[in-house]
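Please read the structure below before turning to the comments.
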Amino acid sequence: MYLIFSICASTLIFVIFKVIGKRNINTLQTIVFNYFTAFTCGILSYDSPVIIEDIISSKWFFGAIGLGFLFIAIFNVMALTAQRIGLSVASVASKMSVVIPIIFGLFVYNESLGWQKGIGIILALVAVYLASHKEKTNARFSIKSLWLPIILFLGSGTIDTSIKYLETTYVADNGIPIFSATIFFIAGLIGIGLLSAKAIQKTFTFDPKSVVAGVILGIVNYYSIYMLLKALNADNFESSTIFTVNNVAIVMLSTLLGLALFKERLLPKNWIGIGVAILSILLVTLA
């Protein structure tokens, strides 16, 4: 059940971004409110007293600052990818980033690289291109159509790798909620800084709808991570099985919702890309 909830929540993030774009809700303001909501969820989930001095002196604190910058930057890229190119493209690009922590593990944790894992990594890169390339009638291909999913791919992989490294090396077992809350809070502060800069430049207009959208997105965002961590703690499933089912289900469900809810049209090469993406996830994760 935890895994099912995680899959639904993660997929819902892409749907929310798509709805935000269609209803012309301010994306940046929504993301800022989202992070403060996710921060609140993390604080409420923490079962120990919150001591600011302990947080600042923690070995993971500076890593959390860096992740805060990445979170808000990549969340913006994810929103733009879903709105401009499609749900399935955003989903595939972010989920294919699983190859980055795997490559990191080869060098840092001395993991082996077999033929199955190597082929999976190559196929992942091919899948991102095929799923992202959407042609227009009488239009020639432009590399400009690829920069959003590529940045999303690299950024998501960097975030996953950093979180894994910090949690494994510095974060205590009961410190995950406060660690996550700190990242969300820093990302929210950065967002406030961006909105303040817009206000100074007199380009800021408050969007009341972004408050509601941000609260909804923040709750979904926090619990998509929380539920996945709970699923990984289950004794009757291996983590490789959890990650495989989670990633493949999100890609497939995002594609189906994109077709059903938003009438997204996919080219044959996009369908091939999604198929290759699923295959590459299976190869890499089960290697």
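When we follow the UniProt record's numbering, the leftmost residue of the sequence shown carries the number 1, and every step to the right adds one. Virtual Cβ for every residue (Gly too), placed ideally from N, Cα, C.
query                                                                                                                                                                                                  : result
Taking C-alpha atoms, which residue in P268, Y2, G68 and I13 lies nearest to I190?                                                                                                                     : G68
Contact check, F243 vs T161 under 8 Å by CB: the rounded distance?                                                                                                                                     : Wrong, their Cβ atoms sit about 14 Å apart, outside the cutoff.
Nearest to V248 by CA position, among I281, Y2 and I176, is which residue?                                                                                                                             : I281
By Cβ distance, which residues of its chain are closer than 6 Å to I151, with the 5 residues on each side in sequence left out?                                                                        : V77
Give me the Cα-Cα distance between L217 and I25, rounded to the nearest whole angstrom.                                                                                                                : 13 Å
How many angstroms separate the CA atom of R84 from the CA atom of P49?                                                                                                                                : 43 Å
What ranges does the alpha helix (DSSP H) occupy inside the stretch 192-268, keeping only unbroken runs of at least 4 residues that lie completely in it?                                              : 209-232 and 239-262
Taking the alpha carbon of F61 as the point to measure from, which residue in F36, Y226 and G175 has its own alpha carbon closest?                                                                     : G175
Using 8 Å as the cut-off, can you tell me whether the stretch 192-205 makes contact with the stretch 1-18, which would need three or more C-beta pairs spanning the two stretches below that distance? : no
List the whole-angstrom C-beta distance separating L123 from L266, where the pair is believed to meet the contact cut-off of C-beta under 8 Å.                                                         : The Cβ separation is near 19 Å, so there is no contact.
Could you give the residue range of the alpha helix (DSSP H) that holds W60?                                                                                                                           : That residue, W60, is in no alpha helix (DSSP H); it is neither H nor E in DSSP.
For G63, I'd like the list of residues in its chain whose CB is within less than 7 Å of its CB, leaving aside the five on either flank, ordered along the chain.                                       : S162 and L166
Does the pairing of the stretch 177-188 with the stretch 113-122 give three or more beta-carbon distances under 8 Å?                                                                                   : no
Going residue by residue through the stretch 144-190, where are the continuous beta strand (DSSP E) segments of at least 3 residues, counting only ones entirely within it?                            : none
Is it buried or exposed, P208, if we count other Cβ atoms within 10 angstroms and call 16 or more buried?                                                                                              : exposed
Would the stretch 254-270 and the stretch 34-48 be scored as touching if the rule is three or more Cβ pairs under 8 Å?                                                                                 : no
Can you name, in chain order, every residue of its own chain whose Cβ lies under 6 Å from the Cβ of A211, other than the five neighbours on each side?                                                 : Checking the displayed sequence, the identity of residue 211 turns out to be Val instead of Ala. Correct list, in chain order: F33.
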